[in-house]
Amino acid sequence: AVWVSLQQAVTGCRLAQALTQYCVGANYGWLLAEGLFLHKLLVLAAFSGERCLPAFLLLGWGEPIPMSPLCPHVPPHPLPNLVPMPPGGPVLFVVPWVVMRYLYENEGCWERNEKAAVWWIIRCPILMAVVVNFVVFVRIVRILVAKVRAHQVSRGDTRVR
């Protein structure tokens with residue numbers, strides 16, 4: 406049997422915590438990206454999703470990953486090695502959270518959050534994404550209601566008025 410030292414176990418556990426926080430942040434980032442994408446589809450008549458794909462990848466994953474092997478219909482970036490993209494999305498707050506946890510709250514597996522300031526490094530961007538997504542959601546509902554009403558008025562159906 407292979408025994409893992411306590412330090413290796415704690416390091417693995419902390420890595421799992423950081424990966425969990427990244428996944429939670431990516432989840433909210435993609436939720437926001439999908440809301441913005443839907444809003445753009447409803448507002449702009451000639452919206453091309455391919456043009457905004459790098460921005461959505463940056464918002465969702467934090468790094469623009471090459472999509473060609475996964476989605477053959479999306480062309481790769483014309484200059485993949487010449488145009489470095491800055492990190493975005495969950496990378497922008499998970500990396501500072503890991504550094505702050507290591508410096509100021511480096512105890513156990515990082516499962517407890519005793520210093521609120523360190524915890525807000527993770528929570529603040531997620532709460533901002535939720536607030537922005539709620540505003541986008543309200544705007545999408547207003548657009549859809551206006552389109553349904555306009556369609557029913559053009560048909561002479563006055564029940565929705």
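Heads up: take any position in the sequence shown, counting from 1, add 405, and you land on this note's numbering.
The beta carbon of each residue, even a glycine, is placed where N, CA and C say it ideally should be.
Give the range of the alpha helix (DSSP H) segment to which R554 is assigned. As a first step, residue 554 is located in the sequence shown; it is residue number 149 there, counting from the start. Bounds of the alpha helix (DSSP H) holding R554 are A521 to R560.
Smallest Cα separation from R506: which of W524, L497 and L458? Numbered from 1 along the sequence shown, position 101 holds the residue referred to as residue 506. Nearest C-alpha to R506: W524.
By the DSSP assignment, the alpha helix (DSSP H) with P501 in it spans what residues? Looking up residue 501 in the sequence shown gives position 96. Per DSSP, P501 belongs to the alpha helix (DSSP H) from V496 to Y509.
Helix, strand or coil: which one does DSSP assign to R419? Mapped onto the sequence shown, residue 419 falls at position 14. If DSSP states are grouped into helix, strand and coil, R419 belongs with the helices.
Cβ pair count under 8 Å reaching 3, the region 553 to 560 against the region 455 to 467: Touching, no.
Contact defined as beta carbons within less than 8 Å: I believe A522 pairs with W466. What is the distance between those atoms, to the nearest angstrom? In the sequence shown, the residue the question calls residue 522 occupies position 117. In the sequence shown, the residue the question calls residue 466 occupies position 61. About 26 Å separates the two Cβ atoms, so there is no contact after all.
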